[in-house]
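Undergrad: Read in UniProt numbering, the sequence shown has 207 at position 207, and its numbers run on one by one without any break. The beta-carbon is built from N, C-alpha and C at its ideal position, and this holds for glycine as well. Can you read through this structure? Questions will come right after.
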Amino acid sequence: MDREKSKNKELRAVELAAEIVILGCILLLGPSFTSADTDPNDVAALLDLYRNLSCPPQLTNWKPNGGDACEENWKGITCSGSRVTAINLAGNGFSGCLPYSISQMTSLKYINVSHNKFQGQLRDMFASLTSLFILDISFNAMSGDLPKSFNLCSSLTLMYLQNNQFTGTIDVLANLPLKYLNIENNHFSGKIPDRLKGINLQIGGTSGPAPGASRPSGFGIGGILATVIFLSVVGAMIAFFIMKRRSRKPSTEIENYPVFPLASHEEQEMKSIQSSSTTRLLPPPIHDQKSVDEDDASGII
1 MDREKSKNKE LRAVELAAEI VILGCILLLG PSFTSADTDP NDVAALLDLY
51 RNLSCPPQLT NWKPNGGDAC EENWKGITCS GSRVTAINLA GNGFSGCLPY
101 SISQMTSLKY INVSHNKFQG QLRDMFASLT SLFILDISFN AMSGDLPKSF
151 NLCSSLTLMY LQNNQFTGTI DVLANLPLKY LNIENNHFSG KIPDRLKGIN
201 LQIGGTSGPA PGASRPSGFG IGGILATVIF LSVVGAMIAF FIMKRRSRKP
251 STEIENYPVF PLASHEEQEM KSIQSSSTTR LLPPPIHDQK SVDEDDASGI
301 I
């Protein structure tokens with residue numbers, strides 16, 4: 001029985017790694033970037049965010065009034081055509097609250113504001129972000145219950161909430177198409193929804209498993225690590241050769257969407273690979289963490 005559980009855990013980890021590599025390749029080879037005036041709603045939302053952060057110098061090319069985020073290559077912003085599709089503000093020491101205006105950027109697929117000092121309750125601003133598939137707000141000081149509008153993020157696949165001060169339950173996440181969820185080092189309570197027990201779920205340092213449950217000890221980590229590295233290298237090679245081939249055709253431009261290889265969280269969680277027009281983004285790692293399966297995690301407290 002133990003051997004069967006071990007196999008299932010390894011298969012889930014490898015499956016998730018493969019999905020991330022494939023997802024990165026799809027994004028990299030996604031819609032072509034075309035120079036255009038940035039959508040007015042996106043510009044207004046970014047200007048509000050910039051002012052809310054007190055116009056920090058780290059955000060090069062940003063302007064307090066007007067501007068064209070996509071054409072002018074605003075730092076941390078990725079576009080597809082005239083729409084903003086990704087925001088990466090990780091590791092800048094920003095403080096304050098995330099403004100509600102982010103909800104106006106309805107084409108967002110990736111948000112990363114990790115490793116800052118954002119605090120207070122996360123506003124109920126996610127109802128219109130139905131294209132969002134990666135959200136990383138880890139390593140901040142956010143508190144309160146999770147916003148109810150999370151349950152409308154119908155594309156959300158990878159979610160990083162660890163190292164905050166969130167409270168309440170995680171029931172609002174139960175029906176999302178999540179493959180990976182990290183809620184470590186928060187103050188959540190209640191039981192883990194059944195739907196979430198079958199995904200790669202990290203709960204260490206929250207409140208601990210329910211009585212009688214034991215924390216898994218990570219089976220076959222060497223094999224999982226080797227597979228993850230192999231898949232990442234293969235994905236990168238495929239993307240490189242296809243990009244090289246396309247670059248020979250002057251009429252075709254490829255947008256550099258975020259790519260998500262797996263790397264050590266402490267050493268290089270967010271390595272940016274710069275290109276001529278956009279920034280590729282890296283999400284936090286998954287291979288060095290322990291998973292919770294259906295029998296091992298029946299609750300958070």
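(1) Going along the chain, which residues of its own chain have a beta-carbon closer than 6 angstroms to the beta-carbon of G168, five neighbours each way excluded?
(2) To the nearest whole angstrom, what separates the beta carbons of A174 and M105, a pair I think is in contact under 8 angstroms?
(3) D42 lies in the alpha helix (DSSP H); which residues open and close that run?
(4) Please report how far the alpha carbon of W74 lies from the alpha carbon of S82, in whole angstroms.
(5) Helix, strand or coil: which one does DSSP assign to G198?
(6) Quick one: what does DSSP say D136 is sitting in, helix, strand or coil?
(7) Assess contact between the region 62-79 and the region 125-141, defined as three or more Cβ pairs (one per stretch) separated by less than 8 angstroms. Is contact present?
(8) By the three-class DSSP mapping on this structure, what secondary structure does K117 have?
(9) Using alpha carbons as the reference points, say which of G198, D194, I199 and M159 lies closest to I183.
(10) Run the CB neighbour count on Y110, radius 10 Å, all protein chains shown included, and call it buried at 16 or more, exposed below.
(11) Tell me, to the nearest whole angstrom, how far the beta carbon of T130 is from that of L152; I am working on the premise that it is less than 8 angstroms.
(12) Note the first and the last residue of the continuous beta strand (DSSP E) segment covering T78.
(13) Taking only three categories from DSSP, how would you classify C25?
(14) Classify F260 as helix, strand or coil using the three-state DSSP reduction.
(15) When DSSP labels each residue in this structure, what does S143 get in the three-state scheme?
(16) In this structure, how does DSSP classify I286 when only helix, strand and coil are distinguished?
(17) Please go through the same chain and pick out, in chain order, the residues whose beta-carbon is closer than 7 angstroms to the beta-carbon of Q58, but skip the five residues on each side of it.
(18) Taking the DSSP output, what are the residues bridged to F188?
(19) Evaluate C79 with the Cβ neighbour count: other Cβ atoms within 10 Å of its Cβ, from every protein chain shown; 16 or more gives buried, anything less gives exposed.
(20) Buried or exposed for Q274, please, with buried defined as at least 16 other CB atoms from any protein chain shown within 10 angstroms of its CB.
(21) Going by the DSSP bridge assignment, what does Y100 pair with across the sheet?
(22) T38: which of S107, G96, R51 and P56 sits nearest, CA to CA?
(23) DSSP on L152, reduced to helix/strand/coil?
(24) Between the alpha carbons of S264 and S95, how many angstroms are there, rounded?
(25) Using only CA atoms, which one of K179, G120 and A90 lies nearest to D136?
TA: So, from the data block:
(1) D145
(2) Going by Cβ atoms, the distance from A174 to M105 rounds to 26 angstroms, so no, they are not a contact pair.
(3) Taken as a continuous stretch (DSSP letters only), the alpha helix (DSSP H) holding D42 covers P40 to N52.
(4) 13 angstroms
(5) Here DSSP, grouped into helix, strand and coil, assigns G198 to helix.
(6) strand
(7) The region 62-79 makes no contact with the region 125-141; the number of CB pairs closer than 8 angstroms stays below 3.
(8) The three-state secondary structure of K117, taken from DSSP, is strand.
(9) M159
(10) buried
(11) 7 angstroms
(12) I77 to S80
(13) Reliability fails at C25, whose pLDDT of 47 lies under 50, so the model's placement of it is uncertain and the value that follows must be treated cautiously. The answer is helix: DSSP assigns C25 an H, G or I state.
(14) For F260, the predicted model reports a pLDDT of 42, less than 50, meaning its position is unreliable; a value from the coordinates is still stated below. Note: F260 maps to coil in three-state DSSP.
(15) strand
(16) Low confidence applies here, because I286 scores a pLDDT of 46, under 50, leaving its location unreliable and the question unanswered by this model.
(17) N92
(18) G168
(19) With a 10 Å radius around the Cβ and a threshold of 16 neighbouring Cβ atoms, C79 comes out buried.
(20) Confidence in Q274 is poor, its pLDDT being 37 and thus under 50, which makes the residue's placement unreliable; the coordinate value appears in the next sentence. Per the 10 Å Cβ criterion, exposed.
(21) None; Y100 has no bridge partner.
(22) S107
(23) In the structure shown, L152 falls within a helical segment according to DSSP collapsed to helix, strand and coil.
(24) Low local confidence applies: a pLDDT of 41 at S264 is under 50, so the model's placement there is unreliable, with the coordinate-based value given in what follows. Taking the straight line from one Cα to the other gives about 25 angstroms.
(25) A90
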